[in-house]
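See below for the structure under consideration.
In the UniProt record's numbering, the protein residues as written are 1 to 297.
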């Protein structure tokens with residue numbers, strides 16, 4: 001791939017190790033199921049979904065110079081992702097994520113993104129050395145940014161001239177890392193994609209629904225906020241308006257990656273010129289198809 005990418009996906013690119021079972025689980029459960037190993041991470045999940053919408057994403061991340069890293073980048077390249085700008089580390093291993101999902105949802109997860117955190121600003125070098133931009137001529141396209149980056153690096157990105165012209169689309173990696181996104185409140189080009197729990201953590205209050213949460217995020221300085229709430233009403237708010245939409249009702253068979261699918265489908269829909277209501281509806285449909293296990297999603 002030699003052409004300018006359509007979008008930059010910055011953040012976690014790793015291996016997902018996920019155990020799934022239809023059984024309802026509790027602490028200490030030991031049940032039969034399936035264990036899969038798949039390319040994952042917020043940035044990777046978004047990029048993989050964008051390819052299905054005929055977009056050409058480039059990854060900015062760190063991957064170790066180990067067998068797992070070689071295999072991961074080979075898989076990414078085979079899917080049509082641009083990997084030429086990935087920082088390869090001699091001393092940091094390829095990151096991993098492990099989750100257990102039951103019939104009653106996500107039971108537990110552990111994200112080992114320490115290499116991404118330690119690599120820090122080194123993953124952003126292509127944005128300042130001329131490959132994708134410079135401080136004088138910054139990248140002016142969309143950027144999908146994930147909250148696996150450190151709080152310090154997110155603060156740096158919020159102030160950096162390298163991102164001054166970017167259309168920033170931002171997602172927390174998990175509720176446990178949601179407050180890192182406080183660094184980007186007030187950035188005029190940032191759109192936040194969060195679930196209801198994450199919105200509450202960012203606003204330091206509880207919300208009954210997505211509409212109140214989205215409005216509160218805008219009141220706290222977000223240029224735009226999209227809030228999902230599982231199978232309940234979702235919302236998109238700006239200082240001028242607030243839209244709501246109901247997701248399709250589906251049987252949930254998987255949850256890891258659903259938020260990333262929603263975000264990618266929304267970005268792609270807007271890049272195609274769909275109006276706000278249509279973009280929100282299409283993103284909710286894509287996420288519903290994903291959690292239902294629809295092989296096309």
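All residues carry an ideal CB built from backbone N, CA and C; glycine is no exception. Note that the coordinates shown come from a computational prediction; the quantities given were computed from them, not determined experimentally.
Just the C-alpha distance for residue i and residue j, rounded to the nearest angstrom, thanks.
i	j	result
residue 33	residue 20	6 Å
residue 2	residue 263	For residue 2, the predicted model reports a pLDDT of 48, less than 50, meaning its position is unreliable and no value from the coordinates is stated.
residue 60	residue 203	29 Å
residue 298	residue 37	Absent from the model: residue 298. The displayed extent of the chain is 1 to 297, so no value can be given.
residue 219	residue 238	9 Å
residue 268	residue 12	20 Å
residue 265	residue 70	28 Å
residue 199	residue 222	11 Å
residue 297	residue 254	For residue 297, the predicted structure reports a pLDDT of 46, less than 50, and the residue's modelled location is therefore unreliable. A value from the coordinates is still provided. Rounded to the nearest angstrom, the two C-alpha atoms are 12 Å apart.
residue 73	residue 53	21 Å
residue 191	residue 216	14 Å
residue 193	residue 25	29 Å
residue 8	residue 68	23 Å
residue 16	residue 294	19 Å
residue 284	residue 211	15 Å
residue 187	residue 214	16 Å
residue 140	residue 257	27 Å
residue 207	residue 196	7 Å
residue 229	residue 252	14 Å
To which residues does DSSP link residue i through a beta bridge?
i	result
residue 193	226
residue 19	35 and 100
residue 315	No statement about residue 315 is possible, as the shown extent of the chain runs from 1 to 297 and does not include it.
residue 146	171
residue 27	Beta-bridge pairing links residue 27 to no other residue.
residue 58	8 and 82
residue 14	40
residue 63	88
Please list the terminal residues of the continuous alpha helix (DSSP H) segment that includes residue i.
i	result
residue 87	That residue, residue 87, is in no alpha helix (DSSP H); its beta strand (DSSP E) goes 87-89.
residue 291	276-291
residue 261	258-271
residue 213	210-219
residue 130	Neither: residue 130 is in no alpha helix (DSSP H) and is coded neither H nor E.
residue 157	151-159
residue 50	42-52
Tell me the residue span of the beta strand (DSSP E) that contains residue i.
i	result
residue 236	232-237
residue 112	105-112
Excluding the 5 residues preceding and the 5 following residue i in the sequence, name in chain order all residues of the same chain whose CB lies nearer than 7 Å to its CB.
i	result
residue 288	247, 248 and 250
residue 107	25, 100 and 101
residue 22	103
residue 272	none
Whose C-beta lies closer than 6 Å to the C-beta of residue i among residues of the same chain, with five residues either side of it excluded?
i	result
residue 261	49, 286, 287 and 290
residue 167	142 and 189
residue 177	147
residue 56	5 and 6
residue 226	193 and 236
Kindly list the residues whose CB is nearer than 8 Å to the CB of residue i, restricted to its own chain and excluding five residues on each side of it in sequence; keep chain order.
i	result
residue 325	Residue 325 lies beyond the residue range present for the chain, which begins at 1 and ends at 297; the question has no answer from this structure.
residue 282	265, 266, 269 and 274
residue 89	62, 63, 64, 65, 115 and 119
residue 77	83
residue 224	190, 191, 192, 218, 236, 237 and 238
residue 277	243 and 245
residue 94	14, 15, 63, 64, 66, 68, 69, 72 and 115
Cβ-heavy atom distance between residue i and the ligand ADP below 7 Å?
i	result
residue 205	Absence of the ligand ADP from the depicted structure is noted, as is the absence of any ligand whatsoever, leaving it without description.
Does the beta carbon of residue i sit closer than 8 Å to a beta carbon anywhere in chain B?
i	result
residue 71	Protein chains in the displayed structure number just one, and chain B is not present.
**Prompt:** Should the region 118-126 be called in touch with the region 248-257, which here means at least 3 C-beta pairs below 8 Å?
**Reply:** A contact between stretches requires three or more CB pairs, one per stretch, nearer than 8 Å, and the region 118-126 fails this requirement with the region 248-257.
**Message:** Counting beta carbon pairs with one atom in the region 45-55 and one in the region 122-132, are three or more of them shorter than 8 Å?
**Reply:** No, the region 122-132 does not touch the region 45-55.
**Request:** Check whether the region 132-145 touches the region 98-113, taking contact to mean three or more Cβ pairs, one atom from each stretch, closer than 8 Å.
**Result:** Under the Cβ criterion (8 Å, minimum of three pairs), the region 132-145 does not count as touching the region 98-113.
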